[in-house]
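Asker: Sharing a structure below in structure tokens format, with a few things to ask.
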């Protein structure tokens with residue numbers, strides 16, 4: 001019959017917590033009194049789920065979503081009435097923590113308390129600033145291994161210290177109702193075992209050992225503080241006493257029960273090899289052996305009465321017997337009866353001889369009760385005295401199913417019979433069914449024959465072990481192959497049930513036939529063997545000398561039943577042994593967290609995401625130096641990533657980030673190579689003063705550009721980055737040189753119009769500095785051409801005409817009108833700029849070609865103008881003024897006396913003009929005969945000869961010899977005003993003599 005207990009629901013506790021010297025003291029105050037149950041208490045910033053334990057099949061709590069969890073065992077918890085209290089060390093500062101516990105962790109009113117699994121039901125917040133604890137003291141924990149100290153049994157107390165001790169002074173130990181018998185320690189001096197023995201006779205249920213820690217000093221000089229108190233142990237050193245017996249009775253009836261009463265319950269505490277036997281020693285030299293069974297102890301009396309019936313003691317009349325109570329009789333605590341002797345005399349007279357027939361007291365079977373084909377079973381019928389055969393008959397005893405065992409020999413007080421098991425001879429419970437052939441064929445040495453009335457026995461007893469009744473089983477069939485072995489939970493490191501472990505000497509479990517011998521194999525190699533329990537369960541730990549190498553292993557078991565029949569091998573357990581976890585690759589900062597320049601190990605993300613590769617499905621723990629930042633599970637390909645939470649955010653500065661993996665076998669690797677990561681969340685301080693570098697109009701810089709805009713300035717962080725932003729959007733970027741001088745361009749062309757932006761510094765971590773504003777105008781629209789055709793100034797139009805556009809002036813003056821007011825105007829000769837100016841308010845202008853831009857080659861030129869607006873956009877060209885530059889002087893190539901026509905002819909290299917203010921004089925013998933005036937062509941003219949050359953013809957009119965003179969060198973010029981080169985001037989001989 002089983003019973004269940006429904007968890008009680010109690011009001012949620014009032015939770016209080018205080019932190020002192022790094023230790024948080026938590027007090028849960030319930031509305032009713034509490035007691036400890038079973039399980040643990042969890043303190044965590046996560047939540048919990050109720051899951052089923054795969055080993056025990058019972059519900060348990062699993063913490064999920066936590067960055068911090070601390071499990072508090074119940075032996076660390078104190079209960080005082082309704083208060084449940086415990087201390088916790090190492091809680092994170094400023095954390096909101098919940099307290100959870102499963103159903104039954106606490107007990108109220110004899111019933112388990114319902115689980116506390118809802119966040120906020122029992123919660124507290126740790127202080128933001130953690131006060132550093134004082135220098136560490138020597139700490140220790142204490143546990144009592146055995147819970148009851150008796151008069152004949154010691155108990156051990158184990159004390160584990162935080163540091164090694166060279167010695168432990170007995171004076172520091174006080175044990176209630178016990179004495180210190182021995183003090184021993186482990187090799188490392190940190191674990192000490194104190195053996196306690198009984199100090200007095202007392203029955204005390206709750207006692208403790210106290211260790212004065214102020215008297216305990218570690219090897220490095222660290223001293224303890226306070227008193228360490230053990231969990232309670234009970235002391236029961238009062239031996240049971242006989243309160244009633246036939247002691248000193250002189251007429252004890254032979255048909256009476258021997259009754260011995262005790263002051264407390266007793267039981268037979270036999271060790272292996274002991275027979276459950278009492279002895280009656282008679283003064284006639286006889287010894288009666290009495291085998292005890294459960295029927296000898298009276299349960300109705302609470303086990304306080306021992307009764308021996310007449311059919312067990314078979315005492316003789318008139319004999320004084322001494323009954324010795326052995327130390328195998330003990331109370332529940334284990335205190336022995338302590339060797340009582342009870343002496344009494346039976347009634348009547350024994351007549352000086354033995355007249356009592358022998359009695360069979362037990363039937364024993366050699367072996368463990370299980371036999372296979374070919375085994376010989378030995379049955380021993382034991383009498384209360386030595387016996388002999390009364391005849392020559394070969395007697396046998398009957399067994400179950402008509403089987404018979406034949407007498408083999410007589411040995412003292414035993415008759416020995418044997419039976420050989422045949423093939424297929426299967427009996428679940430073999431019994432002796434017939435002893436009739438022993439009647440009258442067996443007698444004692446006083447010739448008293450065995451009577452059927454003296455053949456009473458209870459069953460078959462074993463001759464080994466405790467000498468208790470056994471079942472005799474004939475089993476000639478091999479057992480079925482046992483179930484495949486299973487890996488014990490304690491050996492299943494890593495993920496439970498995955499068939500992978502780092503335990504090279506694992507423990508395997510399984511089921512077989514009850515009490516079968518189980519052998520564990522890898523192939524043909526025996527790894528270990530054991531005896532299955534009565535329910536068939538078994539457990540084998542691989543021998544240390546046969547530890548399994550890393551790799552795949554197939555383990556099988558074979559069972560041999562109690563009769564010795566061996567099964568076939570079981571199905572194999574495929575087991576992977578993995579004892580080494582390699583160091584993982586260094587963590588990598590993912591691109592999404594790598595602000596600033598990619599790959600430089602600098603970021604402004606103080607809760608970055610890191611990733612890497614480890615073994616498939618391994619547990620990954622990330623560290624900053626020695627501080628754990630959290631854990632995660634790798635994928636089946638080994639890839640992992642982890643984003644730091646707010647509680648593990650990294651402070652500005654350099655951090656050494658490593659990763660450690662725990663593979664699915666539970667192996668913990670060494671740390672990976674480090675990722676040196678710099679966290680920089682501070683924006684750059686220096687403000688920029690941006691300017692428009694492409695301000696290409698007039699004047700410059702004027703904040704207007706017709707080209708792709710480019711910004712620049714100075715004062716940036718050396719080698720830093722610069723961003724151009726429109727609101728929150730980045731529209732351009734650039735960089736600074738080592739001196740902080742920077743330029744930045746836009747990512748796309750800007751439309752015409754006014755634009756306003758902010759310019760920000762971006763440091764190596766990607767932090768954005770304060771913005772500096774800049775506004776400018778983009779103008780790519782060329783102005784209309786409104787200027788008139790350029791005019792050549794009359795003073796610059798040399799030669800015979802001031803308006804013919806032919807001039808020898810190589811730096812002439814041009815002018816014009818109708819241009820845009822106050823704008824830049826550029827003068828071109830063909831495509832060559834020969835001058836520029838700014839128009840006046842009415843759009844008029846004039847430009848005198850400079851010496852630097854003068855005309856250097858004779859020829860015709862198209863003179864135009866173009867206007868340039870403030871953005872530098874150039875208009876179309878104006879209408880052209882065609883001019884000719886002529887700086888070449890005409891050359892007198894010939895002078896001819898034309899006697900026929902009475903003319904004097906001067907031939908030149910190009911067209912000429914006769915200066916109107918100049919004259920030629922014709923003289924004869926010094927007397928002026930004729931004047932040729934440039935402003936009077938009545939006696940001269942200019943013609944073109946057959947070669948296309950100009951000829952100046954002077955009419956002489958008379959024959960004779962004359963002298964012709966020119967009053968000035970510049971009398972003859974070309975149309976541009978270039979003075980002719982006249983050889984022989986100013987006088988020629990005119991010879992017209994025929």
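Numbering (the UniProt record's numbering), first residue to last: 1 to 994. C-beta: ideal position from N, C-alpha, C; glycine also. All values derive from a computational prediction rather than experimental measurement.
#1: DSSP three-state label for residue 438, please.
#2: Pair every Cβ in the stretch 863 to 870 with every Cβ in the stretch 777 to 790, then say whether three or more of these pairs are closer than 8 Å.
#3: Around the Cβ of residue 223, are there at least 16 other Cβ atoms within 10 angstroms (buried) or fewer (exposed)?
#4: Which residue's Cα is closest to the Cα of residue 948: 922, 909 and 982?
#5: Distance, Cα to Cα, residue 498 vs residue 666?
#6: Excluding the 5 residues flanking residue 676 on each side, which residues of the same chain have their C-beta closer than 6 Å to its C-beta?
#7: Is the beta carbon of residue 340 sitting closer than 9 Å to the one on residue 288?
#8: Using only alpha-carbon positions, find the residue among 116, 190, 856 and 779 that is nearest to residue 807.
#9: Tell me whether residue 147 sits in a helix, a strand or coil according to DSSP, three-state version.
#10: Looking only at its chain, what residues have a beta carbon closer than 8 Å to the beta carbon of residue 244, apart from the 5 residues adjacent to it on each side?
#11: First and last residue of the beta strand (DSSP E) that includes residue 760?
#12: So residue 977 and residue 799 are in contact, right, with Cβ under 8 Å, and what is the actual spacing, rounded?
#13: Thinking just about the alpha-carbon of each residue, which of 511, 199 and 397 is nearest to the one in residue 155?
#14: Where in the stretch 373 to 420 do unbroken runs of the beta strand (DSSP E), each at least 3 residues long, occur, reported from the N-terminal end onward?
#15: Less than 8 Å between the CB atoms is what I'm expecting for residue 873 and residue 782, so what's the real figure, rounded?
#16: For residue 34, name the three-state secondary structure that DSSP assigns.
#17: Check whether the stretch 25 to 43 touches the stretch 102 to 111, taking contact to mean three or more Cβ pairs, one atom from each stretch, closer than 8 Å.
#18: Consider the Cβ of residue 649: report whether some Cβ of chain B lies at a distance smaller than 9 Å.
#19: Am I right that residue 887 and residue 850 are in contact with their C-beta atoms under 8 Å? What's the rounded C-beta distance?
#20: Using C-beta distances below 6 Å, list every residue in its chain close to residue 185, excluding the 5 sequence neighbours before and after it, in chain order.
#21: Which term fits residue 394, buried or exposed, when burial requires 16 or more other beta carbons within 10 angstroms of its beta carbon?
#22: What are the complete beta strand (DSSP E) segments, minimum 3 residues, inside the stretch 474 to 529?
#23: By the three-class DSSP mapping on this structure, what secondary structure does residue 721 have?
#24: Can you give me the Cβ contacts of residue 355 inside the same chain, cut-off strictly under 8 Å, excluding the 5 residues immediately before and after it?
#25: Applying the criterion that 16 or more other CB atoms from any shown protein chain within 10 Å of the CB defines a buried residue, is residue 170 buried or exposed?
#26: Please look up how many angstroms separate the CB atoms of residue 999 and residue 383, rounded, as I've assumed it's under 8 Å.
#27: Taking DSSP's pairing of strands, which residues face residue 987 in a bridge?
#28: Are residue 158 and residue 145 close, meaning C-beta to C-beta below 9 Å?
#29: Quick one, are the C-beta atoms of residue 70 and residue 88 less than 9 Å apart?
#30: Rounded to whole angstroms, what is the Cα-Cα separation between residue 438 and residue 450?
#31: May I ask you to list the residues that DSSP assigns as paired with residue 185?
#32: According to DSSP, what are the bridge partners of residue 41?
#33: Just list the residues that DSSP pairs residue 933 with in beta bridges.
#34: Smallest Cα separation from residue 952: which of 928, 920, 926 and 526?
#35: On the premise that residue 767 lies in contact with residue 679, defined as a C-beta separation below 8 Å, what is that separation, rounded to the nearest angstrom?
#36: Tell me the DSSP secondary structure of residue 902 in three-state form.
Answerer: A quick look at the data gives this:
#1: Against the chain shown, residue 438 aligns to sequence position 438. In the three-state reduction of the DSSP assignment, residue 438 falls in the helix class.
#2: Enough Cβ pairs lie closer than 8 Å, so yes.
#3: As a first step, residue 223 must be located in the chain shown, where it is residue number 223. When all chains shown are included, residue 223 counts as exposed.
#4: Locating residue 948 in the chain shown gives position 948, counting from the first residue. The residue with the shortest Cα to Cα distance from residue 948 is 909.
#5: Taking the first residue of the chain shown as 1, we reach residue 498 at position 498. Taking the first residue of the chain shown as 1, we reach residue 666 at position 666. Between residue 498 and residue 666, the C-alpha separation is close to 11 Å.
#6: Translated into positions along the chain shown, residue 676 becomes position 676. Beyond the five residues adjoining it in sequence on each side, residue 676 comes within less than 6 Å, by CB distance, of 601 in the same chain, given in chain order.
#7: As a working note, residue 340 is residue 340 in the chain shown. As a working note, residue 288 is residue 288 in the chain shown. It is not a contact, given that the beta carbons lie outside the stated cut-off.
#8: What you label residue 807 is simply residue 807 of the chain shown in a count that begins at 1. Measuring from the Cα of residue 807, the nearest candidate turns out to be 856.
#9: Locating residue 147 in the chain shown gives position 147, counting from the first residue. In the structure shown, residue 147 sits in coil (DSSP, three-state: anything other than H, G, I, E or B).
#10: Reading the chain shown from its first residue, position 244 is the one you call residue 244. Taking residue 244 as the centre and dropping the five residues before and after it, the same chain places the C-beta of 259, 260 and 261 closer than 8 Å to its C-beta, in chain order.
#11: As a position in the chain shown, residue 760 is number 760, starting the count at 1. For residue 760, the uninterrupted beta strand (DSSP E) run begins and ends at 753 to 762, by DSSP.
#12: Counting from one through the chain shown, the residue named residue 977 turns up at place 977. Counting from one through the chain shown, the residue named residue 799 turns up at place 799. Taking C-beta atoms under 8 Å as the contact rule, residue 977 and residue 799 qualify, at a distance of about 4 Å.
#13: Working through the chain shown from its first residue, we reach residue 155 at position 155. Taking each of 511, 199 and 397 in turn and checking the Cα distance to residue 155, the smallest one comes out for 199.
#14: You should have 376 to 383, 387 to 389, 396 to 399, 404 to 411 and 414 to 420.
#15: Taking the chain shown and counting its residues from 1, one reaches residue 873 at position 873. Taking the chain shown and counting its residues from 1, one reaches residue 782 at position 782. The C-beta separation of residue 873 from residue 782 comes to about 4 Å, placing the pair in contact by the 8 Å criterion.
#16: Along the chain shown, one-based indexing puts residue 34 at 34. Assignment of residue 34 by DSSP, reduced to helix, strand and coil, places it in the coil class.
#17: Yes, the stretch 25 to 43 touches the stretch 102 to 111.
#18: Included in the structure is just one protein chain, with no chain B present.
#19: If you number the chain shown from 1, residue 887 lands on position 887. If you number the chain shown from 1, residue 850 lands on position 850. Contact flag wrong, Cβ pair sits at about 17 Å.
#20: For this step, residue 185 is matched to residue 185 along the chain shown. Apart from the 5 residues on each side of it in sequence, residue 185 sits with its Cβ closer than 6 Å to the Cβ of 192 in its chain, given in chain order.
#21: Within the chain shown, residue 394 is the residue found at index 394, counting from 1. Residue 394 is classed as exposed because its beta carbon has fewer than 16 other beta carbons within 10 Å across all chains shown.
#22: You should have 507 to 511 and 517 to 522.
#23: In the chain shown, residue 721 corresponds to position 721, counting from 1. Here residue 721 sits in strand by DSSP.
#24: Here residue 355 is taken as the residue at index 355 of the chain shown, counted from 1. Exclusion of the five residues before and after residue 355 leaves 446 and 448 as the residues of its chain whose Cβ lies within less than 8 Å of its Cβ.
#25: Here residue 170 corresponds to residue number 170 of the chain shown, with the count starting at 1. Around the C-beta of residue 170, fewer than 16 other C-beta atoms lie within 10 Å, and the residue is accordingly described as exposed.
#26: Because the chain here runs from 1 to 994, residue 999 falls outside it and cannot be looked at.
#27: The residue given as residue 987 occupies position 987 in the chain shown. Paired residues: 965.
#28: The sequence position of residue 158 within the chain shown is 158, counting from 1. The sequence position of residue 145 within the chain shown is 145, counting from 1. In contact: residue 158 and residue 145 (Cβ atoms closer than 9 Å).
#29: Indexing the chain shown from 1 puts residue 70 at position 70. Indexing the chain shown from 1 puts residue 88 at position 88. Yes. Within cutoff.
#30: Against the chain shown, residue 438 aligns to sequence position 438. Against the chain shown, residue 450 aligns to sequence position 450. Spanning the alpha carbons of residue 438 and residue 450 requires a straight line of approximately 7 Å.
#31: Start at 1 with the first residue of the chain shown, and residue 185 comes out as number 185. DSSP lists 192 as partners of residue 185.
#32: For this step, residue 41 is matched to residue 41 along the chain shown. Residue 41 is bridged by DSSP to 72 and 101.
#33: Reading the chain shown from its first residue, position 933 is the one you call residue 933. According to DSSP, residue 933 bridges with 919.
#34: Translated into the one-based positions of the chain shown, residue 952 becomes position 952. Residue 920 holds the alpha-carbon nearest to the alpha-carbon of residue 952 among 928, 920, 926 and 526.
#35: Residue mapping note: residue 679 aligns to position 679 of the chain shown, counting from 1. Residue mapping note: residue 767 aligns to position 767 of the chain shown, counting from 1. With a Cβ gap of about 11 Å, residue 679 and residue 767 do not count as contacting.
#36: What you label residue 902 is simply residue 902 of the chain shown in a count that begins at 1. Residue 902: coil per DSSP, three-state reduction.
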